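Under the working numbering, the first residue of the sequence shown is numbered 15, with each subsequent residue one higher.
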Amino acid sequence: MATTPITEVTPAMLTLEAMRLGVVPHTALDAYTVGRDAEIELIEADLDAVGTRGGALRAFLGGYGTGKTHLLELIGQHALRRGFMVAHVVLDPEETAPSHPKRVYRELVRSLEYPDRAGTERSLVPLFERALGSEAVREAFLLDGSTRARETLDEGAHLYLTPALRYYEALVQAELDEHERDYGLSLLFDWLEGHPTISNGEIDDVLRRMVGRKGRIYSMKDYRPWARIYGYLLSGLSALARLAGYEGLVVLVDEAEFYSLLSSENRDYARVLFKALAWASVGGEDGLLPFGREELDLGGMGILQDLPPQYRPAELEGGAGLYTVFAMTPNEQGLEALGEAVPAQATAELGAFEMGDYRALVERVFDHYGRARPEDEIDERVVGALGQVVSGLLGSGYVENPRQAMKFIVEFLDLTVFRPESMKQVVGDLRSMYA
15 MATTPITEVT PAMLTLEAMR LGVVPHTALD AYTVGRDAEI ELIEADLDAV GTRGGALRAF
75 LGGYGTGKTH LLELIGQHAL RRGFMVAHVV LDPEETAPSH PKRVYRELVR SLEYPDRAGT
135 ERSLVPLFER ALGSEAVREA FLLDGSTRAR ETLDEGAHLY LTPALRYYEA LVQAELDEHE
195 RDYGLSLLFD WLEGHPTISN GEIDDVLRRM VGRKGRIYSM KDYRPWARIY GYLLSGLSAL
255 ARLAGYEGLV VLVDEAEFYS LLSSENRDYA RVLFKALAWA SVGGEDGLLP FGREELDLGG
315 MGILQDLPPQ YRPAELEGGA GLYTVFAMTP NEQGLEALGE AVPAQATAEL GAFEMGDYRA
375 LVERVFDHYG RARPEDEIDE RVVGALGQVV SGLLGSGYVE NPRQAMKFIV EFLDLTVFRP
435 ESMKQVVGDL RSMYA
């Protein structure tokens, strides 16, 4: 086995430790993805559709350990390489309950990744910095228009993002001391990103005193019926990203099966969130969605009641550029809820691994083990023997999915390194389990 440069060892060892748990680190996804060619083809077609049709929608279903989270992370990497911004949320019944759309929105914004800013802060600040240099943004979001909300809304402005962009520009350009400017920017982004802060009325007053009136700061409540409003916000952010030069926004929603753990009332609101995300992504004009616009009419008073479920400025042909992907472990209640939001033709089951996929996994993990532990020589004939053992364990049901297989492969190689004298007996014992 070839010697590995010392600079490769530490990251390789970190990846190996993750594999020991049955997962692959974010940085090594492509290298250790096997058996997902069909899903990757779907993903690439969906990303193409964002460019041609202005949005896309997808749901992936798969049992425990089949690699749903892995696939979502892979989608994120492909999207970033193609120039999309990416946001990711893992649903749970408390912190990011799908019945509470603001909590889901806040986590999505907190997770934002940019294709041109790897490793930088995850917030809306980089998007706003880039947007202010775009004449297309200035025109579409009416940054030089009236500060009267109703008037600008009717002309195509965004109820939240237009005043936010105006205030951001004014705060950056105004002659303020550093502390005052930072305070104003902190208030602005804490509000827009959904973080706990003072009331929107107080923020409105503070910003107005600093730089003059640039529009009204509207409320962003943690109310369960507000899914349509947060879908409007996400599609607005996606439109802003497209006009600023990105390809759009990809929203990844993991663990959608947690829907089934909610109370009956909260399940009803979670259903509305799934529908709001679907409509914000593809709209309703082509009849693709299995529900009507009237199902999203909950939430808000006054002008908020009039907000559409999808923001689409005239300057963007087709749509806002939002691609939403759900991942769910199938269960009866969850499938019913997701099926009400995502059409059958946009739903795909993760294909079962073929035996050849598992053999490919053995080879890739073996190669990586050698890079992680270059000081330990392992006979390459182990690959063939290990492939046979994994095949046998799969056939007998002792190994059921890729996660279990990866963990087993690493543990087997550990025994080869640390207990070589035991391997003959270990292999014999394993073969007796499926002989």
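Where a beta carbon is used, it is the ideal one built from N, C-alpha and C, also for glycine.
The structure displayed is predicted, hence computed values, not measured ones.
Identify, in the order they occur along the chain, each residue of the same chain with its Cβ nearer than 8 Å to the Cβ of residue i, setting aside the five sequence neighbours on each side.
| i | result |
| --- | --- |
| M15 | Here the model assigns M15 a pLDDT of 46, short of 50, so the residue's position is not dependable, and the following value carries that caveat. For M15, where only same-chain residues beyond five positions count, the Cβ hits under 8 Å are G384, P388, E391, I392 and E394. |
| G198 | Y181, L185, L190, V220, L221, M224 and V225 |
| E53 | F74, L85, A362, L364 and G365 |
| S405 | M369, Y372 and R373 |
| L56 | R72 and A362 |
| R95 | P129 |
| N214 | W205, I231, Y232, S233 and M234 |
Would you please state the rounded distance, in angstroms, between the beta carbons of residue i and residue j? I believe it to be under 8 Å.
| i | j | result |
| --- | --- | --- |
| D268 | L105 | 7 Å |
| P176 | L157 | As written in the sequence, residue 176 is Thr, which differs from the Pro given in the question. Correct: roughly 7 Å between the Cβ atoms. |
| F98 | Y283 | With 8 Å as the limit, F98 and Y283 do not qualify as a contact, their Cβ atoms being about 28 Å apart. |
| E414 | G208 | Actually they are not in contact, since the Cβ atoms of E414 and G208 sit about 39 Å apart, beyond 8 Å. |
| D311 | H114 | Not a contact, Cβ separation roughly 19 Å. |
| G313 | I423 | Wrong, their Cβ atoms sit about 49 Å apart, outside the cutoff. |
| P112 | L287 | 5 Å |
| F124 | R136 | A small correction: the amino acid at residue 124 is Arg; Phe does not occupy that position in the sequence shown. Contact holds; Cβ gap of about 6 Å. |
In chain order, what residues of the same chain have a beta carbon less than 6 Å from the beta carbon of residue i, not counting five sequence neighbours either side?
| i | result |
| --- | --- |
| G442 | none |
| P304 | P357 |
| P327 | A154, G170 and A253 |
| V48 | D371, A374 and L375 |
| L43 | E87, L88 and Q91 |
| V118 | V103 and T110 |
| E425 | none |
| G159 | T166 |
| T18 | Residue placement at T18 is flagged as unreliable, the pLDDT there being 48, under the threshold of 50; the coordinate-derived value follows with that caveat. Correct list, in chain order: R385 and P388. |
| V64 | A70, G262, G335 and Y337 |
| P25 | none |
Spatial neighbours of residue i within its chain, please: CB distance less than 7 Å, with the 5 preceding and 5 following residues excluded, ordered by chain position.
| i | result |
| --- | --- |
| T161 | R227, K228 and G229 |
| E22 | At E22, the pLDDT of 48 sits below 50, so the modelled position is not reliable; the number obtained from the coordinates is stated separately. Answer for E22: R385, listed in chain order. |
| F432 | none |
| M342 | A73, L75, A270, E271, G348 and L352 |
| V440 | L429 |
| L302 | V296 and P357 |
| G298 | R307 |
Do residue j and residue i count as a contact pair if the criterion is CB distance below 8 Å?
| i | j | result |
| --- | --- | --- |
| Y337 | G262 | yes |
| M33 | M447 | no |
| G36 | Q347 | no |
| A253 | A334 | yes |
| A70 | E329 | no |
| L126 | A93 | no |
| G245 | A290 | yes |
| R152 | P140 | no |
| A101 | L122 | yes |
| A178 | L206 | yes |
| I212 | I231 | no |
| H382 | T66 | no |
| K116 | M27 | no |
| E354 | R285 | yes |
| A360 | Q324 | no |
| S278 | N345 | no |
| L138 | I317 | no |
| L408 | L444 | no |
| F380 | V403 | no |
| P416 | G81 | yes |
| G332 | G68 | yes |
Ignoring anything shorter than 4 residues or poking outside the segment 344-410, list the alpha helix (DSSP H) runs there in chain order.
346-355, 369-386 and 395-410, all fully within the segment 344-410.
Taking contact to mean 3 or more Cβ pairs, one atom from each stretch, closer than 8 Å, check whether the segment 359-377 and the segment 105-117 are in contact.
Short answer: they don't touch.
Are three or more beta carbon pairs between the segment 264-279 and the segment 135-149 nearer than 8 Å?
The segment 264-279 is not in contact with the segment 135-149.
Which full runs of the beta strand (DSSP E) of 3+ residues lie inside the segment 79-164, going along the chain?
Fully contained in the segment 79-164 are the following beta strand (DSSP E) runs of length 3 or more, in chain order: 99-104.
Which complete alpha helix (DSSP H) runs does the segment 218-277 hold, if anything under 4 residues is left out?
Whole alpha helix (DSSP H) segments, 4+ residues: 241-257.
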